[in-house]
Amino acid sequence: MLRVVISIQVFLAFFALQASGQVKIRLFAAKPLHWIVFNVNEGSYRLDFYDDAPIYLKKGDNAIVSFYNGKVAVKTKGDSGFTCDSMVFTGQTGQDLFSVRVGNEPATGRIYDGDLQCIHDLGFLVLINTCNIDRYIAGVVQAEGGTGKNIEYIKSQALIARTYMYRYLNKHIIDGYNLCDGTHCQAYMGNSQDPAINRAVLETTGLVVLGRDSLPIMSAFHSNCGGETESSENVWLSGQPYLKKVVDPYCTGSRNAKWTKSITVKEWKDYLRNSGFTTPEAGKPDLNFSQITRQKDYRTGSFSLPFTKIRDDFNLKSSFFSVVQSGDSMIFRGKGYGHGVGLCQEGAMVMAAQGKNYRQILQFYYSNIIISDIRNAKNPAQ
Ligand SMILES: [Zn+2]
Ligand SMILES: [Zn+2]
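Residue 100 in our numbering sits at position 100 of the sequence shown, with consecutive numbering throughout.
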């Protein structure tokens, strides 16, 4: 028997989301999904049909969902199965948790809350999780920053993740969800089981970082700035008044504060030549360059090249480095790890360890910001 499931496409607008406290996240977005096993870990789930009584799944029950003959096919224990274009596992108790196994891959151990909608696109399954915002934020903090850090540092990360979520709430709205769970948006690997992270999120619930225009800021962060953060206009096309250079005394003793890499002098000369540099006829060109503070471009004679480009081309940890010739080698002596814009995570950890709170940490790295409830923000979707 083939049955048809009710398709529910609910568009959650910005303010509706705030009221409901929910957000739609696409799960396993980077994976081509052929079939999955949906498993109930807590509570119970309901599947609705047009023409029949709903099916209930209790704790321990599962359902196989696959893409089959251009449709989403669902098979539960004791049911003959059905196909549809869209179906939803709807939580029944408010405490409902589920897990997903992808095909024959081993279980990930990830636990998700809320509902799961299964649709199809371009021949693959698409999983959309409508989940609690605080649980989502805690999951992002865990996935992006790890566990075992000072609570005030974790709170700063919670505000960064929440600010990002509200700023980019419409990033995937055309596809029927808000954000994906990959690094394209923010990494999300299910609920966090870390009590400190969950506490940090609940104690800051609703708080975001706003610019002077009352919009959620572009909450950029990186691992280590090397002692000086970078203004956004030197890395990306647009400048932001809150992403300005800050001298950071906190991170210079941390793990990623320094790095070196060496290449041959020939490699360096070839690279410069391929980038448009011509050797002067008289005398030896000076290939060295020293960055005491951050500079935008490497310069020798009238030739210049952005450090961000050199960083990309040589896969360097940062664009904050000096170039020194030593015999047949060119040595890059670098500071920091990452693009250097916004909050420096290793510096923020040191600030927290020295007794600074999350507000002081955020105010230090982001210029001219307001820390406020999202209800005081302008709607970025407008
Ligand atoms: Zn995305
Ligand atoms: Zn730093």
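C-beta: ideal position from N, C-alpha, C; glycine also.
If you're wondering where the values come from, they're calculated on a predicted model, not measured in any experiment.
Practice item. With hydrogens ignored, establish whether the beta-carbon of H222 is closer than 7 Å to any heavy atom of ligand 1. Key: Answer for H222: no, Cβ out of range of ligand 1.
Point to revise | Check whether V324 and N357 have beta carbons under 8 Å apart | key: no
Point to revise | Pairwise C-alpha distance: A73 and E346 | key: 47 Å
Practice item. Using alpha carbons as the reference points, say which of I119, I263, S372 lies closest to I160. Key: S372
Point to revise | Supposed close pair L243, S231 - CB separation, criterion 8 Å | key: Sure, about 6 Å apart at Cβ, within 8 Å.
**Study point:** Inter-stretch contact at 8 Å, needing at least 3 Cβ pairs: the segment 331-344 / the segment 221-241
**Key:** yes
Check your understanding: Under a Cβ-count criterion, where at least 16 other Cβ atoms within 10 Å of its own Cβ denotes burial, should G145 be classed as buried or exposed?
Key -> Counting the other Cβ atoms within 10 Å of the Cβ of G145 gives 16 or more, which makes it buried.
Practice item. Classify F11 as helix, strand or coil using the three-state DSSP reduction. Key: Summary for F11: the model assigns pLDDT 38, below 50, so the residue's position carries little reliability, and this model does not support an answer.
**Study point:** Completely contained beta strand (DSSP E) runs for the segment 9-93, where each covers 3 or more residues
**Key:** 22-27, 35-42, 44-47, 55-58, 62-68, 71-76, 82-84, 86-91
Review point. Would the beta-carbon of A200 fall within 8 Å of that of I151?
Key: Cβ distance < 8 Å, so A200 and I151 count as in contact.
Check your understanding: In chain order, what are the residues with a CB under 7 Å from some non-hydrogen atom of ligand 1?
Key -> A29, K171, H172, L179, C180, G182, H184, C185
Check your understanding: Hey, R212 and N368 are a contact pair by Cβ (cut 8 Å); roughly how many whole angstroms apart?
Key -> 6 Å
Check your understanding: Less than 8 Å separating the beta-carbons of K24 and I128?
Key -> yes
Check your understanding: Count the other CB atoms within 10 Å of the CB of Q157; is the residue buried (16 or more) or exposed (fewer)?
Key -> buried
Point to revise | Per-residue DSSP class, three states only, for R101 | key: strand
**Study point:** Cα-Cα separation between V141 and T204, rounded to whole angstroms
**Key:** 13 Å
**Study point:** Per-residue burial, K335 [other beta carbons within 10 Å of its own, 16 or more giving buried]
**Key:** buried
Review point. From this set, A257, D134, K317, which residue's C-alpha is nearest L190's C-alpha?
Key: In the sequence under discussion, the amino acid at residue 190 is Gly, which differs from the Leu named in the question. Cα-wise, what sits closest to G190 is D134.
**Study point:** DSSP three-state assignment for P216, whether helix, strand or coil
**Key:** strand
Practice item. Would you identify the three-state DSSP class for L305, choosing helix, strand or coil? Key: strand
Exercise for review: Taking 7 Å as the limit, tell me which residues put their C-beta closer than that to any heavy atom of ligand 2, in chain order.
Suggested key: N224, C225, G226, G227, T229, D248, Y250, C251, G336, C344, E346, G347
Practice item. Going by CA-CA distance only, name the one from P195, D181, C131, E105 that's closest to G148. Key: Taking only the C-alpha atoms, the option nearest G148 is P195.
Practice item. Buried or exposed for N274, please, with buried defined as at least 16 other CB atoms from any protein chain shown within 10 angstroms of its CB. Key: exposed
Review point. On the three-state DSSP scale, how would you describe D163?
Key: It should be pointed out that residue 163 corresponds to Thr in this sequence rather than to Asp. Note: T163 maps to helix in three-state DSSP.
Check your understanding: Taking Cβ positions only, does N41 come closer than 8 Å to chain D?
Key -> Chain labels in this structure do not include chain D; a single protein chain is all it has.
Review point. Run through DSSP, which three-state label would N256 get?
Key: Coil at N256, not helix or strand.
Exercise for review: Would you please state the rounded distance, in angstroms, between the beta carbons of F38 and N69? I believe it to be under 8 Å.
Suggested key: Their Cβ separation, rounded to whole angstroms, is 20 Å, which puts F38 and N69 out of contact at 8 Å.
**Study point:** Cβ-Cβ distance between G43 and Q117 below 8 Å
**Key:** no
Check your understanding: Can you tell me where the beta strand (DSSP E) with K149 in it begins and where it stops?
Key -> K149 -> no beta strand (DSSP E), and no H or E assigned at all.
Point to revise | Residue closest to D79, alpha-carbon to alpha-carbon, out of L47, L97, L305 | key: L47
Review point. Is W186 buried or exposed, if buried means 16 or more other CB atoms sit within 10 Å of its CB?
Key: The sequence shown places Gln at residue 186, not Trp. Classification for Q186: buried.
Exercise for review: For the beta strand (DSSP E) holding I361, just list the boundary residues, first then last.
Suggested key: Where I361 is concerned, there is no enclosing beta strand (DSSP E), although the alpha helix (DSSP H) it sits in stretches over 358-365.
**Study point:** Beta-bridge partners of V341, as assigned by DSSP
**Key:** Beta-bridge partners assigned by DSSP to V341: E230.
Practice item. Out of Y56, D121, K75, L57, point me to the one whose CA is closest to V65's CA. Key: K75
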